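J.: For reference, the structure I am asking about is given below.
In this note's numbering, the protein residues as written are 408 to 733.
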């Protein structure tokens, strides 16, 4: 009789199912596409609004135009200096927002992904989506403004004083030669005080507008929406985000124009900003808000439309969505 025992049969191994990835994998090519799309959309929109920005800046820094509307202010500038005055600063505007726009949009995609990963799960990311939007917009804008500040300082000097230089190259060269890095970045604090609230309004409000529009729809209804309906939702969200961006950033925008014009007492930047804010008062800080609201509504809505169109044309992946469904 064979007393040997049969070898125990090992239980079959269960197939391991990989957990779904919390965020998509963006490649360097994807980020380069995000940068390109952001650069193009910001250059086109800011370049197109150069005449409005010229009038807005002059209303902020010229006491003779302070009480004028966009239309009457523009007429006075054209009557006194000719139509070409409305294109003053086009060069630094186009180049400045080329680099700033690319860094801002690509940076928002990058930091939004990082903060979603830090949340640890889709549920936590949705729960803390406001903080994620605010953080991603703020950090992306901070780094983008390092690129923008010298060119914005050049633009404001050209607009404020038409005799300062003949264009971007001569204006930037003069600023670098006479003021160095200190003057080129003299407006960095006010510009981040302006641009970070602007970016917060632009991205955060746009995200919540889309969430509000799509929240009550089923997946089937979303898929059945026509391109016209999608475009209308994007346009409405962009316009609303533009209004929010203008209001949030207007006080710092006014102070930035004053700083680059050379107004205010000597001392640290923070003390100059406080003194200028007290001098302007609440009403003065919001001088030119009306024209700027129209301008930023066009800017933000146009930027999102162009950005999305370029991404789609270049087959770039969509951004991360953490909207609350119900």
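Every residue gets a Cβ at the ideal spot worked out from N, C-alpha and C, and that includes glycine.
Fair warning: this is a prediction, and the values are worked out from it, not measured in the lab.
For residue 719, collect the residues of the same chain with a Cβ closer than 6 Å to its Cβ; drop the 5 residues on either side in sequence, then sort them by chain order.
T.: For residue 719, where only same-chain residues beyond five positions count, there are no Cβ hits under 6 Å.
J.: Leaving aside the five residues before and after residue 731 along the sequence, list all residues of the same chain whose C-beta is less than 8 Å from its C-beta, in chain order.
T.: Excluding residues within five positions, the ones whose Cβ falls inside 8 Å are 533, 536, 618, 622.
J.: Going along the chain, which residues of its own chain have a beta-carbon closer than 7 Å to the beta-carbon of residue 523, five neighbours each way excluded?
T.: Once the five neighbours on either side are set aside, the close Cβ partners of residue 523 are 429, 430, 532, 539, 727, 729.
J.: Considering Cα atoms alone, identify which of 587, 450, 645, 665 is closest to residue 597.
T.: Taking only the C-alpha atoms, the option nearest residue 597 is 665.
J.: So is residue 635 buried or exposed if we call it buried at 16+ other beta carbons inside 10 Å?
T.: Looking at its Cβ environment, which holds fewer than 16 other Cβ atoms inside 10 Å, residue 635 is exposed.
J.: Rounded to whole angstroms, what is the Cα-Cα separation between residue 510 and residue 702?
T.: Near 21 Å, if we compare the C-alpha coordinates of residue 702 and residue 510.
J.: On the CB-based measure, 16 or more other CB atoms within 10 Å of its CB, does residue 708 come out buried or exposed?
T.: Buried, because 16 or more other Cβ atoms sit within 10 Å of the Cβ of residue 708.
J.: Where does residue 595 sit, in a helix, a strand or coil, going by DSSP?
T.: Three-state result, residue 595: helix.
J.: For residue 630, name the three-state secondary structure that DSSP assigns.
T.: Looking at residue 630 - three-state DSSP - the assignment turns out to be helix.
J.: Is the closest heavy atom of the ligand MN to the C-beta of residue 481 under 8 Å?
T.: The ligand MN is absent from the structure shown, which contains no ligand whatsoever.
J.: Where do the ends of the alpha helix (DSSP H) carrying residue 702 lie?
T.: Element bounds for residue 702: 696-720.
J.: For residue 484, which three-state DSSP category applies?
T.: DSSP places residue 484 in helix when its eight states are reduced to three.
J.: Quick check on DSSP: helix, strand or coil for residue 581?
T.: Here residue 581 sits in helix by DSSP.
J.: Assuming residue 582 and residue 561 form a contact by the criterion Cβ under 8 Å, report the distance between their Cβ atoms to the nearest whole angstrom.
T.: Their Cβ separation, rounded to whole angstroms, is 5 Å, which keeps residue 582 and residue 561 in contact under 8 Å.
J.: Using a Cβ-Cβ cutoff of less than 8 Å, which residues in the same chain neighbour residue 642 once the five nearest sequence positions on both sides are dropped?
T.: Once the five neighbours on either side are set aside, the close Cβ partners of residue 642 are 708, 712.
J.: Does residue 677 come out as helix, strand or coil in the three-state DSSP assignment?
T.: The answer is helix: DSSP assigns residue 677 an H, G or I state.
J.: Reducing DSSP to helix, strand and coil, say where residue 458 ends up.
T.: Residue 458: helix per DSSP, three-state reduction.
J.: Of all the options 443, 690, 632, 693, which has the alpha carbon lying nearest to the alpha carbon of residue 507?
T.: Checking every option, the nearest Cα to that of residue 507 belongs to 443.
J.: Buried or exposed, going by whether 16 or more other CB atoms sit within 10 Å of the CB of residue 556?
T.: By the 10 Å Cβ count, residue 556 comes out buried.
J.: In angstroms with no decimal places, state the Cα-to-Cα distance between residue 477 and residue 453.
T.: Looking at the two C-alpha atoms, the distance is approximately 17 Å.
J.: Taking the beta carbon of residue 384 as the centre, do at least 16 other beta carbons fall within 10 Å, making it buried, or is it exposed?
T.: As displayed, the chain neither begins before 408 nor continues past 733, which places residue 384 out of reach and without an answer.
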